[in-house]
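Numbering (UniProt numbering), first residue to last: 1 to 324.
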């Protein structure tokens with residue numbers, strides 16, 4: 001679909017949150033209900049309460065790690081930029097309503113890329129893709145059904161690269177006095193800024209045209225391209241219909257809001273993430289083999305609990321490659 005469909009799209013209607021606080025609230029709700037459910041599983045198995053769940057900060061870090069991994073994998077597989085954006089947005093949507101402990105993060109990350117390739121008509125077979133990332137295609141294909149259901153089958157996404165190029169064309173057509181060198185440099189910088197913003201909550205809250213303008217304006221500032229910077233605030237005002245909820249705010253204020261997120265869009269420290277990943281896997285392994293409640297008496301029997309421990313260990317080992 002073309003950019004002009006954006007205002008009426010499911011992307012805007014169902015997946016654009018009014019503000020970052022609403023996104024955070026959705027995640028908190030998903031986390032609370034997941035933890036409640038696990039709590040009752042533990043109680044049924046006669047086990048003590050669960051203190052090993054990730055903190056919200058740890059969850060945010062491990063999600064950002066996997067989002068950054070989506071970006072690097074898309075580059076490694078020479079996938080078009082729109083696949084990169086779509087995979088990221090689908091992954092983000094998934095984890096606003098689903099807790100990080102529900103499924104293997106690695107598999108959902110790969111599934112997001114696989115589905116994005118289909119959505120953006122850059123098809124790659126699950127076999128070929130999974131061979132490149134040393135993963136079993138059956139796991140991705142099995143997860144696909146779950147992933148699509150979480151997303152309510154609403155898979156249309158709009159990236160910020162297309163509106164960015166639209167603004168640049170307008171500038172070339174005389175929209176503003178900028179040299180061709182400035183334009184080339186600003187485009188390259190703006191794309192990097194968009195990549196950073198894609199690792200934040202911005203794509204869940206702001207439409208792609210505003211993200212593109214923010215990136216272009218910041219790039220223009222870095223390049224000291226004054227005419228280009230003022231273009232972003234003036235022509236941009238006319239070119240992007242700011243959504244109704246922003247009508248009382250100037251576009252400049254909206255761009256300033258988005259701009260404040262750029263610094264947050266960095267890849268987290270791998271060593272820190274490895275620790276979080278281990279903690280998450282241990283926590284998930286706890287629930288990997290759910291003994292039926294009637295087994296309580298028998299579970300006290302040593303051999304049985306040993307067997308369960310080894311099943312848990314195997315479940316963890318199966319997932320151990322996830323950061324690879």
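Using N, Cα and C, we set each Cβ at its ideal position, and we do this for glycine too.
Same chain only: Cβ atoms within 8 Å of residue i, ignoring 5 sequence neighbours per side
i           : result
residue 129 : 77, 110, 113, 114, 117, 137, 140
residue 272 : 61
Alpha carbon of residue i to alpha carbon of residue j, nearest angstrom
i           : j           : result
residue 86  : residue 122 : 12 Å
residue 57  : residue 176 : 43 Å
residue 284 : residue 191 : 37 Å
residue 216 : residue 251 : 14 Å
residue 211 : residue 26  : 22 Å
residue 198 : residue 287 : 32 Å
residue 270 : residue 255 : 31 Å
residue 180 : residue 163 : 19 Å
residue 156 : residue 225 : 34 Å
residue 147 : residue 178 : 45 Å
residue 160 : residue 69  : 19 Å
residue 189 : residue 149 : 36 Å
residue 200 : residue 46  : 40 Å
residue 261 : residue 20  : 11 Å
residue 207 : residue 169 : 20 Å
As assigned by DSSP and simplified to three states, the class of residue i
i           : result
residue 38  : helix
residue 198 : coil
residue 133 : coil
residue 176 : coil
residue 224 : coil
residue 125 : coil
residue 104 : coil
residue 209 : helix
residue 165 : helix
residue 19  : coil
residue 47  : coil
residue 231 : helix
Cβ neighbour criterion (16 or more within 10 Å) applied to residue i
i           : result
residue 249 : exposed
residue 75  : exposed
residue 15  : buried
residue 84  : buried
residue 153 : exposed
residue 174 : exposed
residue 266 : exposed
residue 275 : exposed
residue 89  : buried
residue 218 : buried
residue 325 : Within the shown structure, residues of the chain are numbered from 1 to 324, placing residue 325 beyond reach of any answer.
residue 96  : buried
residue 126 : buried
residue 82  : buried
residue 38  : buried
residue 135 : buried
Where the alpha helix (DSSP H) through residue i begins and ends
i           : result
residue 154 : Run containing residue 154: none; DSSP gives neither H nor E here.
residue 84  : 81 to 97
residue 284 : 270 to 286
residue 64  : 56 to 76
residue 257 : 251 to 259
Beta-carbon proximity list for residue i, same chain, < 6 Å, skipping 5 on both sides
i           : result
residue 336 : Here the chain has residues from 1 to 324 only, and residue 336 is not among them.
residue 17  : 23, 204, 205
residue 227 : 176, 177, 178
residue 220 : 186, 228, 229
Own chain partners of residue i with C-beta closer than 7 Å, once the 5 adjacent residues on each side are dropped
i           : result
residue 259 : 214, 218
residue 143 : 103, 107, 108, 111
residue 400 : Outside the modelled stretch of the chain, which goes from 1 to 324, sits residue 400, for which no answer is possible.
Closer than 8 Å to chain C by CB, residue i
i          : result
residue 66 : Within the model displayed, chain C is absent; a lone protein chain is all it includes.
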